[in-house]
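Everything on this sheet refers to the single structure shown next.
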């Protein structure tokens, strides 16, 4: 384990050489004897002065290692290098090879990396079993890292925080209160403190400096806290605050010479400039040094991080945490483990937004103590990473701290350029820095395939890790093709571009790991959707006495009035009657067997007469039409077409009451009833056969299915299409595709719904349910709709045969008139042969009142 070579007050505090004057000159022997006593008392300054005077008198080379060690402890690296170099040059018999470790260390801490590495290597070659071997290897790695980074621009500009705060002595442990004011520890005296004068208070205190409101970077003149905090006879420092700013943590310590002999952590309740009497913490203090408190959160609970030399640790000072139990009371200290702690010293922790910052001389670094950080993922720490040039120097860099917002920071360093009294690197100053507030934005442009601007498009932005969170950002630009979005940091976004008549496109944009502000640019070149290929009409031949079902002649319950949607079928019959003037037809109406027989027959007769009257009113001679109501007397015989559409039936099945009663489920029986409920026409005189387009007498698929049943007391449910028959809806881009292999098929119970009358400002919602009838897992990419609509849906893949739901919430607040709203579901799936994205559309309409 490495001895504490750099021990000044509070790890880089004011050395005792500032607290006393050297003794007067005397003989060589007396100087050496008294120097040894002073060294034993850890009074390093007086000891080194005496040894240096003795060496000047006798040139006794035995004193050089002691002079080197003491100057290294006092952080006068130039004098340490000189002493070690002289000692090693005079060591002709290589009896002091162990000094090469400390010589290499003094070179590294002085920034002489290239010269330091060979000294560490010579030490390793001569002392393979030395306890310092691991640390020597670490120092080599750190020096090599420094040489690698030598030409890099510093990650941040670090400057002396304020001349009124920094003195020629040491200032350390900066901490920001919730109000942005600065607390720190130091002596803050204009004169050298004389130890021998008992009236002088030479103890470190906590100071408080208010931030200047109008100053670009500055603080008012600091004042020390009162004696409740700065208790006489103790060195007080290492300030930290709770998250709410109402508790202040600090240490009280005593010294033996230059070494900390005792250190305990206290807390006080209050606020800026008004702190109550402190109490010693329970649980984190013991028969060890407890230093450098820092408040954090682990496993959802408040914890206190601190450094301590608890027996059984990994090195000199290790980092621990203890969980808060009640005010001022903590659980047992728990080590942060070997990922954080090393054979060296880990000190000055600071926790902010899930990241632990700390200083270590046991990890590869640029100097003695370097600042590192490690992220907490909820269960473990990441590998520590060096903060790099700027934050770290060739010397000691410690006490990293940020304000509440995380953009203003401070640290303590003894790097050259600070104020000092003995050597350029003897004393710590507080340095400030500002972290750039990183911003990210996205500029999207939509163009056509010819790279011309395409106006009227829509861009939707959603966080790709949580697609479907119900709140994607969406913009439509009717008059331009540019879209601007601010972006959150450390997120991955999916960007979708759509435009009516064009295939959509998407891209991924990530702000993860940004170290400076960035404006992302994404251009989309959308391909126009080609017109559908012309469909060659197919024809059916109708022969005499062949009954043809008029699928669109529907009636309201217990009514015989012709509905508007029936006119398409009746118009076709009218056109045929004009085309074939000699043709005589029968118009027949049929019901299912439920209800009263006589009533069903009368109702069916009235309906047949109603259809006849419509045709006569158009000019067809009445004697060319026979209207006949059969009621339930003529159950339907299943045709080949119906059997092909519905696997429940086979061609030739006669839907009699006994046949229907044998069907197992109510839903399947209703399908049979719906087939029996029908209006038909057939040629009874005239041409023996005629030809018509196959689609002319098919049911209109984009209309709701009203009740066909006219029987009082009978079921009003309409026919439903069997699940075994896959019909691609006209609101799907798969419509017209013959090969459905390798694609998901989104089959909805309904695609178009009517919210009816909606009062302005009201919200309405509907959940669309669907099944994947394809042979490929279905993955929703994004749902695009108007700003008035939000959607909620799962981003999990829907396997073949699986089901899903899409919740649509409509807000009418900004609406001024009736509308039909499209809800476009853009799948991540594409058509295998063309690569075109698959888009499914839902619609809802409303009437604003």
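In the working numbering, the protein residues as written are 1107 to 1955. Note that beta-carbon positions come from the ideal geometry of N, C-alpha and C, so glycine has one too.
Closest in alpha carbon position to residue 1202, among 1174, 1650, 1584, 1412, is 1174. The continuous alpha helix (DSSP H) containing residue 1212 extends over residues 1205 to 1215. For residue 1765, there is no enclosing beta strand (DSSP E); the enclosing alpha helix (DSSP H) has its first and last residue at 1763 to 1767. At a Cβ-Cβ threshold of 9 Å, residue 1602 and residue 1568 count as neighbours. Closest by C-alpha distance to residue 1617, out of 1548, 1887, 1470, is 1548. Counting of Cβ neighbours within 10 angstroms places residue 1220 among the exposed residues, the total staying below 16. For residue 1702, the secondary structure class from DSSP, reduced to helix, strand or coil, is coil. The C-beta distance from residue 1500 to residue 1214 rounds to 7 Å, short enough to meet the 8 Å contact threshold. Look at residue 1498 here: in three-state DSSP terms it is strand.
Around the beta carbon of residue 1486, fewer than 16 other beta carbons sit within 10 angstroms, so the residue counts as exposed. Within 10 angstroms of the beta-carbon of residue 1256 lie fewer than 16 other beta-carbons, which makes it exposed. DSSP assignment within the segment 1405 to 1477 yields no whole alpha helix (DSSP H) run of 4 residues or more. Of 1352, 1839, 1950, 1891, the smallest CA-CA separation from residue 1861 is found for 1950.
Rounded to whole angstroms, residue 1429 and residue 1438 show a C-alpha spacing of 8 Å.
DSSP places residue 1377 inside the beta strand (DSSP E), whose first and last residues are 1365 to 1377.
Looking at the backbone, the Cα of residue 1405 and that of residue 1484 are separated by about 6 Å.
About 5 Å separates the CB atoms of residue 1378 and residue 1285; that is less than 8 Å, so the two are in contact. Every unbroken stretch of the beta strand (DSSP E) spanning 3 or more residues and falling wholly within the segment 1827 to 1907 is given here in chain order: 1852 to 1854, 1858 to 1864, 1869 to 1878, 1886 to 1890, 1895 to 1899. Counting C-beta pairs closer than 8 Å gives three or more between the segment 1686 to 1695 and the segment 1721 to 1733, which meets the contact rule.
DSSP, read as helix, strand or coil, puts residue 1618 in coil. In this structure residue 1945 touches residue 1930 by the C-beta definition: roughly 6 Å separates them, less than 8 Å. Judged by their CB atoms, residue 1495 and residue 1621 are not nearer to each other than the 9 Å cut-off. The Cβ atoms of residue 1442 and residue 1555 lie no closer than 9 Å to each other. Going by C-alpha positions, residue 1347 is about 5 Å away from residue 1354. For residue 1343, the uninterrupted beta strand (DSSP E) run begins and ends at 1341 to 1347, by DSSP. Beta-carbon to beta-carbon, residue 1178 and residue 1191 are separated by about 13 Å, too far to satisfy the 8 Å threshold. The way I'd put it, the segment 1452 to 1461 does touch the segment 1394 to 1414; three or more beta-carbon pairs between them come closer than 8 Å. If only uninterrupted alpha helix (DSSP H) runs of at least 4 residues are considered, those enclosed by the segment 1691 to 1740 are 1703 to 1723.
Relative to the Cα of residue 1853, the nearest Cα in the group 1955, 1890, 1909 belongs to 1909. Residue 1778 and residue 1740 have their C-alpha atoms roughly 13 Å apart. Ranked by Cα distance from residue 1872, the options 1895, 1724, 1394, 1237 are led by 1895. Going by C-alpha positions, residue 1240 is about 14 Å away from residue 1471. Excluding residues up to 5 positions away in sequence, 1206, 1207, 1242 lie with their Cβ nearer than 6 Å to the Cβ of residue 1229 in the same chain. Residue 1290 is bridged by DSSP to 1313. Where residue 1516 is concerned, there is no enclosing alpha helix (DSSP H), although the beta strand (DSSP E) around it starts and stops at 1514 to 1519.
Here residue 1344 is buried. Its C-beta has 16 or more other C-beta atoms within 10 Å.
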